[in-house]
Amino acid sequence: MRKTILSTILALLTFTILQAQKPTTPSSSEIFESIQKLNFLGSVLYIAAHPDDENTRLISYMANHEKARTAYLSITRGDGGQNLIGPEIGELLGVIRTQELLAARRIDGGEQLFTRANDFGYSKNPEETLAIWNKEAVLSDVVLAIRKFKPDIIINRFDHRTPGTTHGHHTGSAMLSFEAFDLAGDKSAFPSLLKQADPWQPKRLFFNTNSWFYRSQEDFDKADKSNMLSFDIGTYYPLKGMSNNEIASLASSQHLCQGFGRLSQRGSQKEYIEFLKGDAITNKEAIFDGIDTSWNRIKGGTAIGTVLHAVENNFNFKDPSVHIPQLLEAYKLLQSIQDEHWKTQKTEELKSIIEMCAGLYLEASAETPTSTLNQNVKINIEALNRSSQNIVLESIVQNDGKTISKNLELKNNDPEKFETEYYISTEEKYTSPYWLNKKGSLGMYEVENKAFIGLPETPRNVVVNFNLKINNTPITISKDVVYRYSKPDKGELYRPFEIIPEASAKIVEHVIIFSNDKERDVTIAVKAGRDNLEGFVEVCHPKDWNVYPEKQKISIAHKGEEQTLTFTIIPPKNQSEGYISPIVHVNDKDYTKELIEINYEHIPFQTVLLPSESKVVRLDIKKSGENIAYIAGAGDVVPESLQQIGYNVLTIKPEEISTETLSRFDAVVVGIRAYNTVENLDFKQQLLFDFVADGGNMIVQYNTSRGLKADNIAPYALKLSSDRVTDENAEVRFLNPNHPLLNYPNKITQKDFEGWTQERGLYFPNSWHDKFTPVLSMNDKNETSKDGSLLVAKYGKGYYIYTGLSFFREFPAGVSGAYRLFANMLSIGKEDLKLESKLNN
Ligand SMILES: [Zn+2]
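Going by our numbering, the sequence shown wraps up at 1362, each residue one higher than the last.
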């Protein structure tokens, strides 16, 4: 069993391409290219920080032109960004971006690796980044990746010498790579990793430079390039019918959640890499200069090379299966090679080529997409040989321990189909991303199984191994069990087969705000992973909170169905916060997780299990005013959050803005980046300013300084900058402690700036008309104070407020101080209105 898990991991490292996708049906030109790659024994590792940092032009060039085994090591999974295609953020966004990277690699021919570092959000310098990441742990992961992948060449996307010029994660990734380059080959460094891989010294380290790093194209054109290599990454591949840069565009267009869908490019284009360290280059045309990339590089390899070069040189495009005898000869020679790294790597490649040449179709598909533990699942096996070679299916060995002898000759184009049962034992693990199984820290994932570190996804353990004899040579080909189905409007579809708990529960709202001490109902949805689920649910809660009823029964007839239950939450009298979490008891087992499904067309279906919990916040908050118009920008949950604390919020479109419409509201709030993303809002500015002059309040949240679609975002001059405060714990100074924004109706104190998440704010204005009053001052370490985070100006009878504070992040995290301050912003100038002493009382 252990061995099969290990070989699954190896197979995953090498052929992530085949994971849980529709089976690929390679053409003979694709087989030929695989043989070309088989005959190239060199490798390149590209290193950067995030999904989308990677230069797909260069990765594709290394994989398809140089024929090198190429991988992208992304230090993080990109959890910290924004999602343009759906509601997933945080770790769930990291799951999507992991899959988008794998999708990109399926196109550009690379492999994908990661470290345990978490993308915790924007960081100004590598010093901060490496402090939050646990530098030693991430460095160890980079060293491990190098020792396992054994690259000849490493290419950094970013410059390790210029901290502060880009995201700290970027410079950090290059600094780690620069350091790991020397440590990977030093057996005294990270000795605990030696159990997993031997030391490995890469030959050369480069930096993938371009004009961006030189201020301008002009400066870059003039730069001394004697230390650089260049490549024409627009080279055309007739076997693919595509240029390298066209492939690269298709690959980077997989980053859909980041809005990277783009037009393809063609034609000659230069890409540069700057030599940093390692063996000097004498031939500037060759990145692998002085490195033996032929079969001669391994002991006993020359004979294998002779056989395989003959296949490559005389390749039969009409019938690749004629090469199977030679490929088997090479396969047998390869098995006696001492070098475990090359033996494993090339055996996997060769097996796959033999499989492709024979037109073999081997599939194990379950009759159901999911199963719980301790269940038998029906599996349909299909085995088909589409060549005249002699292939015998000796037996099927399943990872559940079952062996089925067959001894069936697979006759040319005569499919063998049969059924088997696969037992999902009680010891089996649920399907979920391995890095999310345990709660990590701000900067790091916690990975229990050390063998998984670096892998893009959790290796699947429901596997069927086909023991074949091909022309009498025993070869085992393993297949993950999949689920195959069809939809009338979509055709044939594949999904990974998954193991799920028999019960999971979710609380519909992830943050529940109580703006007074009145009880509130929450809805808990329990989902059955199997038929006839019976049990009961209770809700854990903080000591000073109460929940009733104590427990409720569940009874669900069908797998996949949900039952919703209503519990009443009673908050304490005073400000307080904590977490509530449902527990589903079924027989003698407790289930505490929520099952999240991620379903997009460009990536395989994903299930994620996360602890089921919701934050409950009892706010001590007062407010004036009631009706708010919201103008949505790039998307945020500010309207829902304001509704939670009792405001009536109506989202209006720019075309709906009129004096008449506005007269119904106490305030207008403009969503994040509205002036960057919303067309025609500019035309309505005067109406909005008139609304303020007439006594309304207008609050504008952050916009980026570049790409503003409006000339005047404020009634008085205001200049946006890229000033930001990324330390969420940065000290906040009150410039004007008596200002109404800090006193009415809620008295704001330092406590209100505790527990903020990710950052204080971004794109603060750095100059403003003297009609504006700055209220707060803050800054990151070693920087001058930034006073533009919250600016307020009286305009006519009302108030205009511009704020770069990150309310859009703090509200969904249930940060009470952010709610109290925002209530003051909405209430300013309304002191004369009758103040509700407590909301809804
Ligand atoms: Zn990046």
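Note that CB positions come from ideal geometry on N, CA and C, so glycine has one too. Since we're looking at a predicted model, the values are computed, not measured.
Contact set for residue i: own chain, Cβ-Cβ below 8 Å, skip 5 residues either direction
{"i": "H1079", "result": "A1049, D1052"}
{"i": "L854", "result": "G821, A824, I825, V828"}
{"i": "T692", "result": "N646, P647, T650, F679, D680, H681, T683, P684, G685, T686"}
{"i": "P936", "result": "Y882, E903, A904, L905"}
{"i": "S1025", "result": "V1047, K1048, G1050, V1105, Y1112, K1114, E1115, L1116, L1130, S1133"}
For residue i, the first and last residue of its enclosing alpha helix (DSSP H)
{"i": "K743", "result": "738 to 743"}
{"i": "R626", "result": "612 to 629"}
{"i": "T577", "result": "577 to 581"}
{"i": "L1312", "result": "Run containing L1312: none in the alpha helix (DSSP H); it sits in the beta strand (DSSP E), 1311 to 1316."}
{"i": "I650", "result": "Reading off the sequence, residue 650 comes out as Thr, not Ile. Element bounds for T650: 647 to 653."}
{"i": "P846", "result": "845 to 856"}
{"i": "K558", "result": "549 to 559"}
Pairwise C-alpha distance: residue j and residue i
{"i": "L533", "j": "R981", "result": "Interpretation of L533 is limited by its pLDDT of 38, a score under 50 that renders its predicted location unreliable; the figure taken from the coordinates is listed afterwards. If I take the Cα positions, the gap works out to 9 Å."}
{"i": "K1351", "j": "V1190", "result": "16 Å"}
{"i": "F973", "j": "Y1168", "result": "48 Å"}
{"i": "P1022", "j": "I1101", "result": "21 Å"}
{"i": "P890", "j": "K1011", "result": "17 Å"}
{"i": "N1362", "j": "S1337", "result": "Its pLDDT being 35, under 50, N1362 is placed unreliably in this model, and the coordinates cannot settle the point."}
{"i": "A1188", "j": "Q786", "result": "47 Å"}
{"i": "S764", "j": "S581", "result": "10 Å"}
{"i": "A1235", "j": "Q1206", "result": "8 Å"}
{"i": "Y1004", "j": "I1077", "result": "24 Å"}
{"i": "H1290", "j": "E967", "result": "49 Å"}
{"i": "Q1279", "j": "M965", "result": "14 Å"}
{"i": "G799", "j": "E632", "result": "24 Å"}
{"i": "T997", "j": "T868", "result": "11 Å"}
{"i": "F1126", "j": "F1293", "result": "51 Å"}
{"i": "S1298", "j": "K1064", "result": "37 Å"}
{"i": "V1221", "j": "L1163", "result": "15 Å"}
{"i": "N804", "j": "K724", "result": "15 Å"}
{"i": "P544", "j": "T947", "result": "30 Å"}
{"i": "S698", "j": "A666", "result": "11 Å"}
{"i": "A1214", "j": "G1276", "result": "36 Å"}
{"i": "G706", "j": "K558", "result": "26 Å"}
{"i": "G780", "j": "L605", "result": "6 Å"}
{"i": "I1149", "j": "V616", "result": "36 Å"}
{"i": "E1030", "j": "N1201", "result": "34 Å"}
{"i": "F994", "j": "S908", "result": "Before going on, a small fix: residue 994 reads as Thr here, not Phe. Approximately 16 Å, taken between the alpha carbons."}
{"i": "V1158", "j": "R1330", "result": "9 Å"}
Beta-carbon contacts of residue i that lie in its chain and below 7 Å, excluding the five residues immediately before and after
{"i": "S1348", "result": "K1144, S1145, G1146, Y1265, P1266"}
{"i": "T823", "result": "W816, N817"}
{"i": "V918", "result": "T924, N986, N988"}
{"i": "P1286", "result": "L1239, K1240, L1241, S1242, G1309, L1312, Y1323"}
{"i": "I530", "result": "Bear in mind that the predicted position of I530 carries a pLDDT of just 41, short of 50, making it too unreliable to give a figure here."}
{"i": "K872", "result": "I996, I998"}
{"i": "K927", "result": "L914, E915, S916, I917"}
{"i": "N729", "result": "N576, L579, I676, N677, R678, I794"}
Nonlocal neighbours in the same chain, by C-beta distance under 6 Å from residue i, ignoring five residues either side
{"i": "K524", "result": "Residue placement at K524 is flagged as unreliable, the pLDDT there being 39, under the threshold of 50; a coordinate-derived value is accordingly withheld."}
{"i": "I1090", "result": "R1041, V1043, V1068"}
{"i": "I596", "result": "A570, T636, A638, S694"}
{"i": "F741", "result": "S732, Y735"}
{"i": "Q540", "result": "Confidence at Q540 is low in this model, with a pLDDT of 39, below 50, so its placement is unreliable and no value can be given for it."}
{"i": "S1097", "result": "D1065, R1139"}
Residue i CB to nearest heavy atom of ligand 1 below 7 Å
{"i": "A807", "result": "no"}
{"i": "A570", "result": "yes"}
{"i": "H691", "result": "yes"}
{"i": "H688", "result": "yes"}
{"i": "D574", "result": "yes"}
Limits of the unbroken beta strand (DSSP E) element including residue i
{"i": "E792", "result": "791 to 799"}
{"i": "N897", "result": "896 to 905"}
{"i": "D753", "result": "749 to 753"}
{"i": "S1288", "result": "1282 to 1289"}
{"i": "T997", "result": "994 to 1001"}
{"i": "E473", "result": "Residue numbering for the chain in the displayed model covers 522 to 1362; residue 473 lies beyond these limits and cannot be assessed."}
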